[in-house]
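FYI, UniProt numbering numbers position 97 of the sequence shown as 97, with every residue one higher than the one before it. For glycine and all other residues, C-beta sits at the position ideal for the given N, C-alpha and C. Reviewing the structure listed below.
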Amino acid sequence: MSVQQEFDQWAKTGKDRGMEQRHWHTAKHALARMPVEPGDRVLDLGTGSGYALRALRETREAGSCVGLDGSVEMVHNAQGYTDDDGVGFVGGDFHHLPLAENSVDHVWSMEAFYYSQRPDEVLREIRRVLRPGGTFYCAVNFFEESEHTHEWQERIDIDMKLWSRKQYREAFREAGLIVAEQETIPDREIEIPPADEFPTENWESREAMADRYRTHGTLLTVGVNS
Ligand SMILES: C[S@@+](CC[C@H](N)C(=O)[O-])C[C@H]1O[C@@H](n2cnc3c(N)ncnc32)[C@H](O)[C@@H]1O
Numbered sequence: 001m002s003v004q005q006e007f008d009q010w011a012k013t014g015k016d017r018g019m020e021q022r023h024w025h026t027a028k029h030a031l032a033r034m035p036v037e038p039g040d041r042v043l044d045l046g047t048g049s050g051y052a053l054r055a056l057r058e059t060r061e062a063g064s065c066v067g068l069d070g071s072v073e074m075v076h077n078a079q080g081y082t083d084d085d086g087v088g089f090v091g092g093d094f095h096h097l098p099l100a101e102n103s104v105d106h107v108w109s110m111e112a113f114y115y116s117q118r119p120d121e122v123l124r125e126i127r128r129v130l131r132p133g134g135t136f137y138c139a140v141n142f143f144e145e146s147e148h149t150h151e152w153q154e155r156i157d158i159d160m161k162l163w164s165r166k167q168y169r170e171a172f173r174e175a176g177l178i179v180a181e182q183e184t185i186p187d188r189e190i191e192i193p194p195a196d197e198f199p200t201e202n203w204e205s206r207e208a209m210a211d212r213y214r215t216h217g218t219l220l221t222v223g224v225n226s
């Protein structure tokens, strides 16, 4: 199944808003660290419902922002969730960004980068569109050290890149991005039921759930264009 087919279905069944709610738990902490100045242009890769750009516009006075997504239904929904002229949503592919060289101040991506089939190429594209000193904030919950997310691959028919923390750092550097920061942001808002209520949902143990959310949470890797 293609990215477009898969995520069109997600958008049509309201999963875009569901992701927004869950991802916000950790995304907001990463977004708060972005050095976005009033007027800065921000690109969101795999924008989903577009919540990140709405937040940056409202809280940081970001300038004209672009949310790119491979699913036309995601783009359609995202556009419908705002009447702000300063944010636009476009269909497109991470591997061929429809933007000029040196044309954006910052790039954001949450839970999307690992769907790219040629991530090294995507990093080079990101570097191409970023201005010198511009940043790439890459947030992922699916990564090697977070073993309780590995099973996600079984639920989706798109090859997902399971990189380790080190692989992210090395790939960023290889593309010409300086790694300014890398850390995990635990999800403190997810409710972890008391031990006597387990098992719940698909979790084998309470420890596994706590490990997934509280220990690993979201891996944030920050690259700066040199
Ligand atoms: C799991 S969703 C995350 C959405 C949003 N960032 C969030 O935090 O809720 C991943 C999104 O990335 C998009 N995507 C995945 N691979 C892509 C690619 N190669 N080019 C463009 N968009 C892609 C999907 O269509 C989907 O909307």
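Leaving aside the five residues that flank residue 145 on each side, the residues in its chain whose CB is nearer than 7 Å to its CB run, in chain order, 164, 165 and 216. Residue 49 is classed as buried because its beta carbon has at least 16 other beta carbons within 10 Å across all chains shown. Residues 71, 73, 74 and 77 of the same chain have their beta carbon placed closer than 7 Å to that of residue 11, with the five preceding and five following residues left out of the count. In this structure residue 194 is exposed. Its beta-carbon is surrounded by fewer than 16 other beta-carbon atoms within 10 angstroms.
Listed as beta-bridge partners of residue 77 by DSSP are no residues whatsoever.
Going by DSSP, residue 184 is part of the beta strand (DSSP E) stretching over 177 to 185. Cβ contact annotation for residue 61 (same chain, cutoff 6 Å, sequence separation greater than five): 38, in chain order. Here residue 208 carries a helix assignment [DSSP, helix/strand/coil]. For residue 56, the CB contacts under 6 Å within the same chain, skipping 5 residues up- and downstream, are 36, 42 and 62 in chain order. Within the chosen limit of 7 Å, ligand 1 does not reach the beta carbon of residue 25 with any heavy atom.
Between ligand 1 and the CB of residue 115, the shortest heavy atom gap is smaller than 7 Å.
The alpha carbon of residue 184 has as its nearest neighbour, out of 174, 141, 92 and 90, the alpha carbon of 141. Counting other Cβ atoms within 10 Å of its Cβ, residue 110 reaches 16 or more and is therefore classed as buried. In this structure residue 96 is exposed. Its beta-carbon is surrounded by fewer than 16 other beta-carbon atoms within 10 angstroms. Residue 106 carries a strand assignment under DSSP once its states are collapsed to helix, strand and coil. Here residue 139 carries a strand assignment [DSSP, helix/strand/coil].
For residue 210, the distance from the CB to the nearest heavy atom of ligand 1 is not below 7 Å. Residue 86 is not a Cβ neighbour of residue 225, given a cutoff of 8 Å.
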